[in-house]
Amino acid sequence: MNFPPVIAIDGPTASGKGTVASLVAEKLGFHYLDSGALYRLVALGSQKASIDPQNGSELGILAKNLVISFKNGQILLNSEDVTEAIRTESVGLCASIIAAHPEVRQALVGVQRSFRQSPGLVADGRDMASVLFPDAALKVFLTATAEARAERRYKQLIAKGISAKLVDLLHDLQVRDARDSSRGAAPLIVAADAKVLETSELSIDQAVKTVLDWYQSKAA
Ligand code: DC
2 MNFPPVIAID GPTASGKGTV ASLVAEKLGF HYLDSGALYR LVALGSQKAS IDPQNGSELG
62 ILAKNLVISF KNGQILLNSE DVTEAIRTES VGLCASIIAA HPEVRQALVG VQRSFRQSPG
122 LVADGRDMAS VLFPDAALKV FLTATAEARA ERRYKQLIAK GISAKLVDLL HDLQVRDARD
182 SSRGAAPLIV AADAKVLETS ELSIDQAVKT VLDWYQSKAA
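Here the working numbering is used: the first residue of the sequence shown is 2, the next is one more, and so on.
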């Protein structure tokens, strides 16, 4: 096992990988990388700077120069607290568009790899296993049906007091799945040596336990 060890958790949008990955990190005392947040930060930055989402070279420059910090559960962009602002559906959709540009992906490689620190890292995203950490100790592809994922997102939004329509959420999620899976640069794929975890019928605790059991058996 290469050190510091990495657990790579990839999967489609709203699969619950963020929740599972952060809990696994907490249980193991590992660092946690939410790589989707980085793409969301570039998306929000591009909206603020009115950059065309199709302009890969300008977006790449923006991504390289973003001043980002993760502190005590807060996410700062150029010193502004954007923890909530990056979680909207509109920023998520924009993130999926700008993430297709190789210039943007390349600009974010260094910052993502810098999270790999002792005693270990749990990284969640789309290409953690295939591109960022191909030597990960454990590779998990966490998924659920589109319907189960749309329903989870719906419940999260309603709980936050944000109104939403289930059919619209299902549609947006299918559009994002298609774009994230079909793009040329680092598409969402199941790495050859990844274990697939289908969570439609699992609780969060069951999913976390499964990942921890898999990791313990690899580490043994
Ligand atoms: O995981 P998320 O929903 O926060 O990610 C938002 C978008 O960012 C997603 O639609 C695709 C992109 N993304 C990516 O291309 N590669 C990653 N490693 C993580 C996210």
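Note that the Cβ used here is the ideal one computed from N, Cα and C, for glycine as well.
Keep in mind that this is a model prediction, so the values were computed, not measured.
- I10: member of the beta strand (DSSP E) spanning 7-11, first to last residue.
- Contact annotation: V112 and L60 have beta-carbon atoms that are not nearer than 8 Å.
- Between the alpha carbons of A160 and C95 lies a gap of roughly 24 Å.
- With the rule of 3 Cβ pairs closer than 8 Å, the segment 40-52 does not count as touching the segment 130-142.
- A straight-line Cα-Cα distance of about 17 Å links P13 and D169.
- Separation of S164 and D206 (C-alpha to C-alpha, rounded to the nearest whole angstrom) is 28 Å.
- When DSSP reads this structure, G126 sits in a beta bridge with D11.
- Taking C-alpha positions only, H32 is separated from L171 by approximately 32 Å.
- Closest option to Y155, judged by alpha-carbon separation, among A145, K166, A179: K166.
- For M129, the Cβ falls inside the 7 Å cut-off from some heavy atom of the ligand DC.
- The bridge partners DSSP lists for L139 are I8.
- It is roughly 31 Å from the alpha-carbon of I98 to the alpha-carbon of G121.
- Among the bridge pairs identified by DSSP, Q75 is matched with K72.
- Under the 10 Å beta carbon count, F4 is surrounded by fewer than 16 other beta carbons and is classified as exposed.
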